[in-house]
Amino acid sequence: MEAWINATISGILLGLVYGLAAMGLNLIWGVINVINLSHGAFIALGMFAAYFAFHFMGINPFFAMFLVLLLGLILGMVSYFLALHRVLDAPELSTLLSTYSLSLIIIGLGTFLFTTNPRAIDIGLGSIGFGGIYIPTTKVLTGVFSVIFTALLYIFLYKTWTGKAIRAVSMDKTAAEFMGVNSIFILSLTFGIGIALAMVAGCLIAAIFPFTILSGSIYELKSFVICVLGGLGSPLGALVGGLILGLLENVLALQIPVGYIPFIEFMILVIILLVKPSGLISKR
Amino acid sequence: MRRFMKSGIFVSGSVLCFLFSLLLCSGALAAKSKIVIGFTTSQTGKLNAESREQFNGLKLWKEYVNKKGGIYVRSLKKRLPVEFRYYDDESSKDRVQQLYVRLINEDKADFLISPYSSGLTASAAVIAEQYGKVMLATGAASDGIFSKGYMHIFQIYTPASRYLTGALDLLKETDPSAKKVAIIYEQSNFAKAVASAAKEYAKKLGFDVVLFESYPKGITDFTSFLNKIAEKRPDAIIGGGHFADGETFAKQIYEQRLKVKLVSLLVAPAVPKFAEIGNAALYVTAPSQWEPKAKFTKKTARRLGIHWYGVTARWFIRHYKREFGEVPGYHAAGGFAAGLVLQRAIQKAGSLNSEKVIKALEHMDVMTFYGRIKFDTGNYYGRQMGHEMVYLQWQKRRGKLVKQVIWPKGAESAHIVYPYSKKF
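So this is what it looks like as structure tokens:
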């Protein structure tokens, strides 16, 4: 029984992190209609930002994530104008290639500068124990912050003027422009927020697992599955998708060999695409 | 007449070319002023920690041998210094093959040393065999490499089939009531070979293997496996793969406070860097190819009726510490030993000719600071059959984490601390 409880808690905590990692991709995909293939590379950048903040400035990743959020926002907006703005109205393949090139540049530079040696951040916060079950404190904190970021994004998108403008642009760019919305700024801001979320997710993941510059690709793949599961453009959808994946990986693994899990995850992806392509949470 | 002249020119041209190439060859031989040894090392990538140590061991051997003027080659009647040619393989199989071709064709390596790990060595072995170059395989324990009929690859490590079997002997001896074993291993040639051999051996000893599963390379989250282990409640967890995954696995076992009696993992705990995970390292055991506290001496060689060759363990540890500022692990010792074995084979062969060096390796049976070296000349040609493993455990001495040899009996430097969960 203990193993089942432990697996469920671990699954929820891991799912929340997956959800946060997918949220950035979900936002960009839903609003700008761009499949951001540099998502994993920015997650890895977030990991390294946390690593350098911890080892050279002594800043704990749970504090460093606010700096990383700002850095991600700036990097994302700059990347939008450098790599995306001019190809936004071109056929979809152009934006795919453009973001893929961005990913190759980041990974290439990262490999050259940081090498592919594994790195880890050991904050040493111990474990939280109850009834014979022990969960690492960093995992609990990571889950809590993932929920906080989801809530903040939700409030931003639904309660602020800028958030509403983002949603308006995602629905009808021309109509939004008629209402006085600066669509170029809104699109760059959306890309910036998406990248910032990816980097914050990287920062939090670095606090619990070791990583290399290539680690982002695993989370990028999972993010695609989550986006399809949860539906596009909704932070809640990403969170639900993340939770499903987290629970699958932990609870289902108690019954079947762990090696089968990715197969099941991608089978679910195909089934959702066939049966409900708008995702589980979407009303469409 | 014209035809006669033409063929005359052709024949004399050919003779001239032949004489010229003979001259070049003899010039090259006469000018042989060094022995070039080629290899790749994982300066980057996931195998970096182990490979760096192996490389350090090789560097120390080069310094040792060159200080004496090099290796004496009887046929040339002189000592030739050793020169290294090496590249970073980025811990990638794809890089290894192209780099070994380059080492042979462009750098003109006389002999090869393998990269670190069975996977990379299996790739390099194909090239060494294809070009007929002798390759000393250190840092590669997989038996599979030696089942392919290669005639140029010689193993320094105890093979995988004998790697973790001692951990099961140790468990049976320490706690006869222990019955359940979980085997979790990396999806790599080496770990798979070790785990499969351990599974067979566990069954033979009467253990119940409650879990036998592999994890993908590069994994960072073991939670799914740990939950599964917790559910099966084994007495011992054995397995692992290489340094990065092994260290993470040990750390997460500790964080989840799994109540097991014995944890024995491959590679990672034997690397001194493993101590960086602090209490998570405590009481973890591991098989090791060599430990500074292992006692292989001239006396051991005399007892076995074989020759002693090379430096003493004390010399190796002292010089390694002076050179690299840390206590050497078995990867470093394996690197140095590979150099020593090659040195001995060249001296015995009295030549740099690959076939003569192979003959010398076939007949080799020596004791070194690293242990006994003797190669299989049967079905598993080139596989190591003289060397034996030792088992270590991380324990605390005056508040500091230290490695102690706990197995086999008679070679131990401390008693095993049992069970592992005692620290919680």
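One line per chain: the protein sequences are A and B, in this order. Numbers given in the numbering used here equal positions in the first sequence, counted from 1, plus 3. Quick note: the second sequence, position 144, residue 124 per the numbering used here, numbers continuous. A virtual CB, placed ideally from N, CA and C, is assigned to each residue, including glycine.
For a contact meaning CB atoms closer than 9 Å, what does residue i contact in chain A?
i               : result
Y289 of chain B : Residues of chain A passing the Cβ test: none, with the nearest at roughly 35 Å.
Should residue i go down as buried or exposed, given a rule of 16 or more other Cβ atoms within 10 Å for buried?
i               : result
Y161 of chain A : exposed
E3 of chain A   : What is shown of chain A runs 4 to 287, which leaves residue 3 of chain A out entirely.
I12 of chain A  : buried
N185 of chain A : exposed
H42 of chain A  : buried
P64 of chain A  : buried
Q258 of chain A : exposed
T163 of chain A : exposed
W32 of chain A  : buried
Y310 of chain B : buried
R363 of chain B : buried
Y263 of chain A : exposed
L96 of chain A  : exposed
P295 of chain A : Chain A is shown from 4 up to 287; residue 295 of chain A falls before or after that span and cannot be answered.
V251 of chain B : buried
V324 of chain B : With the sequence shown as reference, residue 324 of chain B is identified as Arg, and Val is not the correct amino acid for it. So R324 of chain B counts as buried.
V147 of chain A : exposed
F205 of chain B : buried
P280 of chain A : exposed
F404 of chain B : exposed
D188 of chain B : exposed
R294 of chain B : exposed
I257 of chain B : buried
List the residues of chain B that residue i touches, going by C-beta distances under 8 Å, in chain order.
i               : result
P260 of chain A : E193
S104 of chain A : Simply none; closest approach about 22 Å.
At what residues does the beta strand (DSSP E) containing residue i begin and finish?
i               : result
A266 of chain B : T265 to S268
S41 of chain A  : From DSSP, S41 of chain A is part of no beta strand (DSSP E); its letter is neither H nor E.
S244 of chain B : L242 to L245
Y165 of chain B : K160 to E166
I284 of chain A : Careful: I284 of chain A lies outside any beta strand (DSSP E) and carries neither H nor E.
F349 of chain B : Note, F349 of chain B: premise wrong, no beta strand (DSSP E); not H, not E.
S130 of chain A : S130 to F133
Since residue i meets chain B, which of its residues come closer than 7 Å, beta carbon to beta carbon?
i               : result
P139 of chain A : E235
A6 of chain A   : N207, A210 and E211
A293 of chain A : No answer is possible for residue 293 of chain A: the residues shown for chain A start at 4 and end at 287.
What first and last residue would you give for the alpha helix (DSSP H) that runs through residue i?
i               : result
V147 of chain A : T140 to K162
Y206 of chain B : Strictly speaking, residue 206 of chain B in this sequence is Leu, with Tyr absent from that position. Element bounds for L206 of chain B: T203 to K212.
F192 of chain B : It is not in any alpha helix (DSSP H) - F192 of chain B instead sits in the beta strand (DSSP E) that spans D188 to Y195.
L60 of chain B  : Unbroken run through L60 of chain B is the beta strand (DSSP E), K58 to L60; no alpha helix (DSSP H).
R54 of chain B  : Counting along the chain, R54 of chain B falls outside any alpha helix (DSSP H), and DSSP gives it neither H nor E.
Q323 of chain B : Y310 to A329
R75 of chain B  : K73 to N85
F170 of chain B : N169 to K184
V16 of chain B  : Per DSSP, V16 of chain B belongs to no alpha helix (DSSP H); it is in the beta strand (DSSP E), I15 to T21.
K279 of chain B : K278 to L284
In chain A, which residues lie with their C-beta within 7 Å of the C-beta of residue i?
i               : result
K208 of chain B : A256 and L257
D70 of chain B  : According to the sequence as given, residue 70 of chain B is Glu; it is not Asp. Chain A residues near E70 of chain B: T119.
T348 of chain B : Going along chain A, no residue has its Cβ under 7 Å from T348 of chain B, so there is no contact; the nearest lies around 31 Å.
G379 of chain B : The premise fails here: G379 of chain B is roughly 17 Å from chain A at the closest Cβ pair, so nothing lies under 7 Å.
Could you work out which residues of chain D lie near residue i, taking near to mean beta carbons separated by less than 7 Å?
i              : result
S13 of chain A : In the structure shown, chain D cannot be found, because the protein chains are A and B.
At 8 Å on the CB atoms, spell out the chain A contacts of residue i, in chain order.
i               : result
E335 of chain B : Per Cβ cutoff of 8 Å: no residues; E335 of chain B is ~39 Å from chain A at best.
List the residues of chain B that residue i touches, going by C-beta distances under 9 Å, in chain order.
i               : result
L17 of chain A  : D201 and T203
E223 of chain A : Within 9 Å Cβ-Cβ: nothing; E223 of chain A doesn't reach chain B, min ~14 Å.
S130 of chain A : Y234, E235, Q236 and R237
At a cut of 8 Å, does the stretch 292 to 302 of chain B reach the stretch 116 to 127 of chain B through at least three beta carbon pairs?
Segments in contact, no.
Contact residues within the stretch 229 to 257 of chain A, judged by C-beta distance below 9 Å to chain B
Per Cβ criterion, the list reads E252, N253, V254, L255, A256 and L257.
If the cut-off is 7 Å on Cβ atoms, which residues from the stretch 34 to 48 of chain A count as contacting chain B, listed in chain order?
Within the stretch 34 to 48 of chain A, no residue has a Cβ that lies closer than 7 Å to any Cβ of chain B.
Would you be able to state if there are at least three C-beta pairs under 8 Å between the stretch 214 to 227 of chain B and the stretch 8 to 27 of chain A?
Short answer: they don't touch.
Using a Cβ-Cβ cutoff of 9 Å, what residues of the stretch 199 to 217 of chain A are near chain B? List them in chain order.
Listed in sequence order: I208, I211, F212, P213, F214, T215 and L217.
Three or more beta-carbon pairs under 8 Å between the stretch 217 to 235 of chain A and the stretch 23 to 38 of chain A, yes or no?
Contact holds: three or more Cβ-Cβ distances are below 8 Å.
Could you tell me whether the stretch 89 to 105 of chain B touches the stretch 64 to 71 of chain B, where touching means 3 or more Cβ pairs closer than 8 Å?
Taking 8 Å as the limit for Cβ pairs, the verdict is that the stretch 64 to 71 of chain B does touch the stretch 89 to 105 of chain B.
Anything in the stretch 217 to 243 of chain B with a Cβ closer than 7 Å to a Cβ of chain A? List those residues in chain order, please.
Within the stretch 217 to 243 of chain B, the residues whose Cβ lies closer than 7 Å to some Cβ of chain A are A224, T228, E235, Q236 and R237, listed in chain order.
Can you confirm whether the stretch 202 to 211 of chain B touches the stretch 370 to 387 of chain B when touching is taken to mean that 3 or more C-beta pairs between the two stretches lie within less than 8 Å?
Touching, no.
Below 8 Å, can you find three or more Cβ-Cβ pairs linking the stretch 218 to 235 of chain B to the stretch 190 to 204 of chain B?
The stretch 218 to 235 of chain B vs the stretch 190 to 204 of chain B: in contact.
Under 9 Å, CB to CB, which of the residues in the stretch 165 to 190 of chain A have a partner in chain B?
For the stretch 165 to 190 of chain A, which is checked against every Cβ of chain B, not one residue is closer than 9 Å.
Below 8 Å, how does it come out for the stretch 137 to 148 of chain A and the stretch 69 to 80 of chain A: are there three or more Cβ pairs, yes or no?
No contact exists between the stretch 137 to 148 of chain A and the stretch 69 to 80 of chain A.
Inter-stretch contact (C-beta, 8 Å, three-pair minimum) for the stretch 171 to 181 of chain B and the stretch 233 to 240 of chain B
Taking 8 Å as the limit for Cβ pairs, the verdict is that the stretch 233 to 240 of chain B does not touch the stretch 171 to 181 of chain B.
Evaluate the contact criterion for the stretch 194 to 210 of chain A versus the stretch 56 to 73 of chain A: three or more CB pairs, one atom per stretch, below 8 Å.
Taking a cut-off of 8 Å for Cβ pairs, the stretch 194 to 210 of chain A and the stretch 56 to 73 of chain A touch, as three or more such pairs fall below it.
Within 9 Å of chain A by C-beta, residues of the stretch 24 to 43 of chain B in sequence order:
Listed by position, the residues of the stretch 24 to 43 of chain B near chain A (Cβ gap below 9 Å) are T24, G25, K26, N28 and A29.
Per the contact definition of three or more C-beta pairs closer than 8 Å, is the stretch 270 to 278 of chain B in contact with the stretch 376 to 391 of chain B?
Yes, the stretch 376 to 391 of chain B touches the stretch 270 to 278 of chain B.
Measuring CB atoms only, is the stretch 312 to 327 of chain B touching the stretch 339 to 353 of chain B, in the sense that at least three cross pairs come out at less than 8 Å?
With the cut-off at 8 Å, the stretch 312 to 327 of chain B and the stretch 339 to 353 of chain B touch.
At least 3 beta-carbon pairs within less than 8 Å: the stretch 108 to 127 of chain A vs the stretch 203 to 222 of chain A
Short answer: they touch.
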